[in-house]
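Q: So that we are looking at the same thing, I have put the structure below in structure tokens.
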Amino acid sequence: MFELTLLGLHAVRGPDGRELPSLAAQPKRFALLAYLAIAGGEGYHRRDSLAAMFWPHLDQFAARRALRNTLYHLRVALGDGVIVARGDDAVSIDGSALTCDVNKLSDAVRAGRYDEAIEWYGGELLAGIHFANSGEAFEEWLSHERREVSALVMRALRGLVEREESSGNLTAATYWARRACAIAPDDEGWLRRAMSLLHAGGETAGALRLYETCARRLATEFDAAPSAETNALAARIRSGGETPSARVEPVPQPTDLDSPRTHAPRAEDSPAVRPADAGVPVPAARRAARWKRASLLASALGAAGVLAALGAHAASARHPTTPAQRTRVLVTVFDNRTGNAQLQSLGRMTQDWLASGIMRTRLVDVVDPRAALTLRRANTDTTGNLIALARRVGAAMVVSGSYYAANDTLIFQAGITEARTGRIVRVVGPILSSVRTPVAALNELRSRVMTALASSVDAHATQGLVGSEEIPLFDAYQLYVEGYDAYWHGNGARAESLFLQAARRDTGFVAASIAASAAAANYSDCPLVDSIARVLDSRKQSVDRVGQLSLRIESARCHGRNDEMLQLALERADLESNTSSDKITVAAAALWANRPAETVRLLEPIDPAVDLAWSTDTTHMDYWGELAEALHRLGRYREELALADRVPAAAPLARAWMRSCALAALSRPAEVLALLDSSLALPPEPAMYNGLAPSTEGRPQYTVTAGWVANWVSRELLVHGDTAASRQAAMRAVMWYRSRPIEERSTMEERLVASWSLEMLGEYPEAERIVRQLLADDSSNVDFRGELAGLAVESGDTALADSLDGWLAAQPVARVGWSASVYRARVAALAGRSADAVGFTRDALNAGAWPLWIHLEPALATLRTRRDFVALTAPRN
């Protein structure tokens, strides 16, 4: 059977599901086919009447010839049997050979299948259809049919609101009422209905935002204001006084449609058209921390999906379970076809809005949207590339689309493509909004894409897709996506600034505030993290569960509550679609909580080449580094060594570092030193920005160098008891440092690594000289004072050691985190006060210390004979 799409999109699909683009590209042919399909159940249509309707400017003979020619082309495209004739005078459509969405919508409404009816509604009937010399009869017929479709849709929405409200599901009732507002923006009855439902559900801010959006639109487009009744309702909600219950505001009543759907007179009848039914709205569309900590932000930004609120499908009572293996979906950046560069970022906003909403359904898994961004930057964003990317990352479906402008109207259109065949299986749109409010259509677009995806995966799933939210203001959303891109490319300070600007520009944009909190936590700006949480709480703004978890994660992370951070991250990942980005994030949290076995469990199933295609780092060092660290902490050194061999060849320094650590733990020093010798000439690798020290005090992340690797391996060798090989490795680090150009040797980071290496060699005076120079540059730096305190103990300067230890003890945790306790533990261990060293280690871990740093501190290795230290630092699995 052929399927004709007339609502929103214009399309014809054959029995095999493939589209026949040639028909939709011919407006008059398509309009004639649409007329015959909609009126198909009314019998035959006289050729003379059809000719007069579609070719009123021609004489009868020429018009008949044009009709005959058009019918011929339709038969060629559709084959025999779709268009049937009665003699030479009349034609019709065989309803068993061709169906259309208008008739399906009508049948669904009459049968009370309202969810199905709304799914069939894709937009205005024959939106944008135009052909030369269309007659008055056709325009009158089309106007009437559009009113009929609107009435059907509003009746379905009325039924859905009443059904959900009767069952006590205010969230779903509100969702359908807001859909009605979007379809009939001029109907203030529906506006008041939605406001009342929002208020009854505790969404006072949402109700007022809905009112303010309507007021702005009326003022901008019509120089008008909402009615007195609507203003009064808004005033009652704003004042907190008595307001009508959700059921008091009556549902707007469309025309009575219990009888079979009526049509305008056929072409051979009188051209007069019934007046519009009272109360039936006419659509207005034609008016047109370092390496480990840094990864924790990944799932807290943008389309990764923790920032936008939407009701979760899988949590609904109708569908309490989800499939074990969910379909994977790739959502791409929408193409800007407006010719307006100022609207370029709208494509990213659309991707973000769709991906976050789809993720919340939990019916499908969403490929990290950064995969599509990476493709766009590397190639032309063609359909072929998208399909290839989808196949590479294991996505079964691709959501793509574009937006273009017609006068002052923006038109969005989306498609869902099957990755295996490249066939478009669903089309959504066109959906229209004003150029002045470019994001106004995104909620409807998201809802309809979600419904289309759900129906493709589970025919019954669409009933659970409830929930909606306010779209951010365009300029605020623009700042937000710019901030996301800035963070992704390593500019955390700019990202934080942009997120804060977005939050201030639109105070209702909760996602921007949460993103700012995540960026601030990543740079240990705990006062800002706490301030954002207080502001959101004081405003009584609605933050969904995932957003609440994100805020709590940032607070726990910033304040060193690692166990709490892990539990919250696990809960958040469970509420989302548990993407590879989520797993990397939770794996990092597990490392900080000293649960490396959990890290291994999360990371081993991941294939970096497939699951991490979104990353700008093609070597995927977050993945390899976290997995290697976890295996090392578990004592699985041979597995760690094998893992190092899998690190991409494009990261030779990282591979050497991981192999050296595993070989050091396996007591193979000759191989370690040979590997270091072959690595000293390797250039720095920016993707490896591991922790320079317990606290970098907001300085830029340190890029790993060959000298840093040699020092790290020196520590590893000493921790495992090989003093001689440790000295050899430290000597290589010092030699590397001394060979550097003077401008590189003068950086704080390289001087600190040099002092560490000199300390490993017992060259305390030279190490102290470097550290004192560093303190002259930054006298309040906890790393420099802590390092000098240890050197003072080793040099026998007890007075200096005690003075510096007192300074460390006086530093508030809010300023220095766990680093001061680590240095105090180091001083105590070097001074032989092992019980104090264990106590300070406990303080550091309670403040959120990185367990690997405790493991790598040579001074603390002497405590491994104490049971309390072993119990304190052993992996917790």
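44 is the number of the first residue of the sequence shown in this note's numbering; add one for each residue after it. The C-beta atom is built at its ideal place from N, Cα and C for all residues, glycine as well.
1) Measure the CB-CB distance between residue 691 and residue 725 and report whether it falls below 8 Å.
2) Pick from 122, 597, 277 and 748: whose alpha carbon is nearest that of residue 66?
3) Would a C-beta distance cut-off of 8 Å place residue 707 and residue 763 closer than the cut-off?
4) For residue 438 and residue 380, I'd like the C-alpha separation in whole angstroms.
5) Which residues bound the beta strand (DSSP E) around residue 475?
6) Given a cut-off of 8 Å on the beta-carbon distance, is the pair residue 756 and residue 723 in contact?
7) Does the distance from the C-beta atom of residue 639 to that of residue 673 stay below 8 Å?
8) When burial is assigned at 16 or more other CB atoms within 10 Å of the CB, is residue 454 buried or exposed?
9) Determine the direct distance from the alpha carbon of residue 184 to that of residue 93, and round the result to whole angstroms.
10) State the start and end residues of the unbroken alpha helix (DSSP H) segment that holds residue 668.
11) Give a yes or no on whether the C-beta atoms belonging to residue 605 and residue 390 are separated by under 8 Å.
12) Starting from residue 44, trace the beta strand (DSSP E) in both directions and tell me its first and last residue.
13) To the nearest angstrom, report how far apart residue 654 and residue 687 are at their CA atoms.
14) Give me, in chain order, the residues of the same chain whose beta-carbon lies closer than 7 Å to that of residue 630; leave out the 5 immediate sequence neighbours on both sides.
15) For the beta strand (DSSP E) that contains residue 136, what are its first and last residues?
16) Which stretch, first to last residue, makes up the alpha helix (DSSP H) that contains residue 109?
17) Nearest-angstrom Cα distance between residue 632 and residue 665?
18) Please check the pair residue 375 and residue 470, which I expect to be a contact at CB under 8 Å, by giving their CB distance rounded to whole angstroms.
19) Using the Cα positions of residue 382 and residue 448, report the straight-line distance between them to the nearest angstrom.
20) State the DSSP-derived secondary structure class of residue 765, mapped to helix, strand or coil.
21) How do the stretch 192-199 and the stretch 154-162 stand: do at least 3 beta-carbon pairs fall below 8 Å, yes or no?
22) Compute the Euclidean distance between the alpha carbons of residue 49 and residue 167, then round it to the nearest angstrom.
23) List the endpoints of the continuous alpha helix (DSSP H) containing residue 782.
24) Quick check: the stretch 890-905 against the stretch 852-870, are at least 3 beta-carbon pairs closer than 8 Å?
25) Cα separation between residue 538 and residue 610?
26) Where does residue 324 fall in DSSP's three states?
27) Under 8 Å: do the stretch 459-473 and the stretch 129-143 share three or more Cβ pairs, one atom per stretch?
28) Indicate whether residue 46 and residue 56 have their beta-carbon atoms separated by less than 8 Å.
29) Relative to the alpha-carbon of residue 452, which residue among 434, 195 and 474 has its alpha-carbon at the smallest distance?
30) Under a Cβ-count criterion, where at least 16 other Cβ atoms within 10 Å of its own Cβ denotes burial, should residue 628 be classed as buried or exposed?
31) In three-state terms, what does DSSP make of residue 408?
32) Go ahead and pull the three-state DSSP assignment for residue 458.
33) Checking 8 Å against the spacing of the C-beta atoms, do residue 840 and residue 881 come in under that value?
34) Under the DSSP definition of a beta bridge, which residues are partnered with residue 378?
35) Nearest-angstrom Cα distance between residue 91 and residue 99?
36) From residue 435 to residue 462, what does the alpha carbon distance come to, in whole angstroms?
A: Reading off the structure:
1) no
2) 122
3) yes
4) 26 Å
5) 466-477
6) no
7) yes
8) buried
9) 12 Å
10) 664-676
11) no
12) Here residue 44 belongs to no beta strand (DSSP E), and DSSP marks it neither H nor E.
13) 19 Å
14) 642, 645, 646 and 669
15) 133-136
16) 103-121
17) 13 Å
18) Not quite, the Cβ-Cβ distance comes to about 15 Å (not below 8 Å), so this is no contact.
19) 8 Å
20) coil
21) yes
22) 8 Å
23) Looking at the DSSP string, residue 782 is not in any alpha helix (DSSP H), and its letter there is neither H nor E.
24) yes
25) 27 Å
26) Low confidence applies to residue 324: its pLDDT is 31, below 50, so where it sits in the model is not reliable, and the reading given next is rough at best. DSSP places residue 324 in coil when its eight states are reduced to three.
27) no
28) yes
29) 474
30) buried
31) strand
32) strand
33) no
34) 445
35) 11 Å
36) 10 Å
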